[in-house]
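Position one of the sequence shown corresponds to residue 48 (the numbering used here), numbered consecutively onward. Right, one structure below, let's go through it.
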Amino acid sequence: MLTIMAGTPVSPALPKIAIAFAGEPHADLLARLVLTMPALFTVIGAPIAGIIADRFGRKPLVLVSLALYAVAGTSGFFADTLQQLLAGRALLGLAVGGCITAGTALITDYYQGAERIKLLGFQAAFTTGGGVLFISLGGFLAELGWRYPFLLYLVAVLVFALAVSLLYEPVRVQKALEDSSDDSLPLGFIAVIYLIALVGHTCFFSVPVQMPFFLQGDFGVGGVGTGLTMSLATLCASVTAFNYGRVKSRFSYATIIAVMFAMMSLGYVIIGLAPVVWVLVFGLCITGVAAGLLIPSVNNWISEITTSHNRGRAFGIITTSLFLGQFLAPIVMAPLVARVSYGTFFWVLGLFLLAMALVIRLAAVALGHYTQLHGSND
């Protein structure tokens, strides 16, 4: 949940932050960067965190990252300028990169097989579900003043205490630190998974970026209604991720990813063509259900094609792809949004996702036929 906490608690306070620093140059723009700055620096820090995790161990990285998380997160409460505020948010992004990279690596080191699949699903469920909780708490605290939501980051102190007492460095990781001769990454395979994660997250984050304007401009939905509507997608994603173990026990990764893109496509087409709000909400729920398959799929897939020698670096790369998608969502989609209506934007995006689903499915079938004809080294 610390991952989603990087942005959600302060989101309701952004208008008050802009007002508080209205005298500074470019205050409106810089206030919005308060929300996105952590994602950018997570992109920068996650690959470095992966190298550190493989070279020096998972637990030390978790503890240092949690300490930095608490300090950088709460620094916003004491900031006197937007520059100080943004500096703290940048450090928070680095801390998030360390937390999620080392934390995911630890789960895959501690658990194997079906238990690992289930736990990575739980991780994704708590990550997405936590967004609903912390944006609500942030909204309540923002009523008291723009500084107060930053106090929520003190929860990292409690997590730090638990990590000190409960986490341990896995034996196989300790051996890997002593003998790192077999540390090459399957870069081709990881590149494919990286692309899937990047495209999936970029498309899903079009919802929080574009949906408020669509709901308020085309359907006349107010701020509270917009927040509740978008929360449904997050809740649906959380439910799917929580039950990911059952899904994976029946289907391959390639099939799950293809179905995910197909369902997301259906959801976006319904959203784009929706004549009334309740139809839009239905499409949004389908999109959320699909999105809940993404993170546990790519994390489990990575865990199965890597070893304790190189798993930290691999998860650092995947973390970068996920947060890069979050950061790029408004930038990549901007040219299309500027030329068409929001409804058209969503159904066109849906058609693109359908094409992605077909490509992945056809590639999986072709690879299966090749393996049957030529054999497999697995």
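We treat Cβ as the ideally placed atom computed from N, Cα and C, and that holds for glycine.
Quick one: is T89 buried, meaning 16 or more other Cβ sit within 10 Å of its Cβ, or exposed?
-> As a position in the sequence shown, residue 89 is number 42, starting the count at 1. Buried, because 16 or more other Cβ atoms sit within 10 Å of the Cβ of T89.
Close Cβ partners of I98 (< 8 Å) along its chain, the five nearest in sequence each way excluded = The count along the sequence shown starts at 1 and reaches residue 98 at position 51. Excluding residues within five positions, the ones whose Cβ falls inside 8 Å are G359, R360 and G363.
Can you name, in chain order, every residue of its own chain whose Cβ lies under 8 Å from the Cβ of A411, other than the five neighbours on each side?
-> Residue numbering aside, residue 411 sits at position 364 when the sequence shown is read from its first letter. Hits under 8 Å: S299, A301, T302 and A305.
CB contact flag (V28, L82, <8 Å) = In this structure the chain extends from 48 to 425, so residue 28 is not present and cannot be described.
Exposed unless 16 or more other CB atoms sit within 10 angstroms - verdict on D425 | For this step, residue 425 is matched to residue 378 along the sequence shown. In this prediction, D425 has a pLDDT of 40, which is less than 50 and means its spatial position is unreliable; nothing more can be read from the coordinates.
Are the C-beta atoms of A280 and some chain D residue less than 8 Å apart?
-> Absent from the structure is chain D; it holds one protein chain and no more.
Cβ-Cβ distance between I147 and T249 below 8 Å = For the purposes of this step, residue 147 is taken as residue 100 along the sequence shown, with counting starting at 1. For the purposes of this step, residue 249 is taken as residue 202 along the sequence shown, with counting starting at 1. Result no, Cβ atoms of I147 and T249 do not sit closer than 8 Å.
Beta-carbon proximity of A161 to G339, cut-off 8 Å = Taking the first residue of the sequence shown as position 1, residue 161 is located at position 114. Taking the first residue of the sequence shown as position 1, residue 339 is located at position 292. The answer is no: Cβ separation not under 8 Å.
In the DSSP assignment, find the unbroken alpha helix (DSSP H) run with Y291 in it and report its ends.
-> As a first step, residue 291 must be located in the sequence shown, where it is residue number 244. Y291 to K295 is the extent of the alpha helix (DSSP H) around Y291.
Through-space distance from K63 to D127, alpha-carbon basis = Taking the first residue of the sequence shown as 1, we reach residue 127 at position 80. Taking the first residue of the sequence shown as 1, we reach residue 63 at position 16. Near 14 Å, if we compare the C-alpha coordinates of K63 and D127.
Starting from the N-terminal side, write out each stretch of the alpha helix (DSSP H) that is 4 residues or longer and does not extend beyond the region 302-373.
-> 324-338 and 341-352
Whose CA, out of S285, K165, A208 and A137, lies closest to the CA of I333?
-> Residue numbering aside, residue 333 sits at position 286 when the sequence shown is read from its first letter. Checked all of S285, K165, A208 and A137; the closest Cα to I333 is S285.
How close, in whole Å, do the beta carbons of L199 and F181 come, if the pair is a contact with beta carbons under 8 Å?
-> For the purposes of this step, residue 199 is taken as the residue at position 152 of the sequence shown. For the purposes of this step, residue 181 is taken as the residue at position 134 of the sequence shown. Yes, L199 and F181 are in contact; Cβ-Cβ is about 6 Å, under 8 Å.
Exposure of P382, with buried meaning 16 or more beta-carbon neighbours within 10 Å | Here the question's residue 382 lines up with position 335 in the sequence shown. Flag for P382 reads exposed.
Reducing DSSP to helix, strand and coil, say where Q131 ends up.
-> For the purposes of this step, residue 131 is taken as residue 84 along the sequence shown, with counting starting at 1. Q131: helix per DSSP, three-state reduction.
In the DSSP assignment, find the alpha helix (DSSP H) that holds S253 and state where it starts and stops.
-> Within the sequence shown, the letter at position 206 stands for residue 253. Where S253 is concerned, the enclosing alpha helix (DSSP H) stretches over S253 to D265.
Which listed residue (D101, L275 and L61) has its alpha carbon closest to that of S216 | The residue you call residue 216 lines up with position 169 of the sequence shown. The question names Ser, yet the displayed sequence has Glu at residue 216. Comparing Cα-Cα distances from E216 to each of D101, L275 and L61, the minimum goes to D101.
Taking 8 Å as the threshold, find out whether the region 381-395 comes into contact with the region 163-177 through three or more Cβ pairs.
-> no
Measure from the alpha carbon of M380 to the alpha carbon of each residue in Q257, G330, A337 and I342, then state which is nearest.
-> Here residue 380 refers to the residue found at position 333 when the sequence shown is read from its first residue. Comparing Cα-Cα distances from M380 to each of Q257, G330, A337 and I342, the minimum goes to Q257.
Nearest-angstrom Cα separation, counted from S312 out to L398 | Mapped onto the sequence shown, residue 398 falls at position 351. Mapped onto the sequence shown, residue 312 falls at position 265. Going by the C-alpha atoms only, they are around 6 Å apart.
Of the choices G70, I91, L113 and L108, whose alpha-carbon is the least far from that of M52?
-> By one-based count along the sequence shown, residue 52 stands at place 5. Ranking the options by Cα distance to M52, first place goes to L113.
Cα-Cα, which of L138, L409, G168 and F124 is closest to L201?
-> Locating residue 201 in the sequence shown gives position 154, counting from the first residue. It is F124 whose Cα lies nearest to the Cα of L201.
Can the beta-carbon of A86 be found closer than 8 Å to that of S253?
-> In the sequence shown, counting from the first residue as 1, residue 86 sits at position 39. In the sequence shown, counting from the first residue as 1, residue 253 sits at position 206. No.
Using CA coordinates, which residue listed in F236, A149, F197 and L184 is at the minimum distance from F103?
-> Taking the first residue of the sequence shown as 1, we reach residue 103 at position 56. Of the candidates F236, A149, F197 and L184, the one whose C-alpha sits nearest the C-alpha of F103 is A149.
Excluding the 5 residues preceding and the 5 following M310 in the sequence, name in chain order all residues of the same chain whose CB lies nearer than 7 Å to its CB.
-> Here residue 310 refers to the residue found at position 263 of the sequence shown. Answer for M310: I333, V336 and A337, listed in chain order.
Looking only at C-alpha atoms, which of L132, Y157, I95 and S183 sits nearest to V143?
-> Against the sequence shown, residue 143 aligns to sequence position 96. Per the Cα distances, I95.
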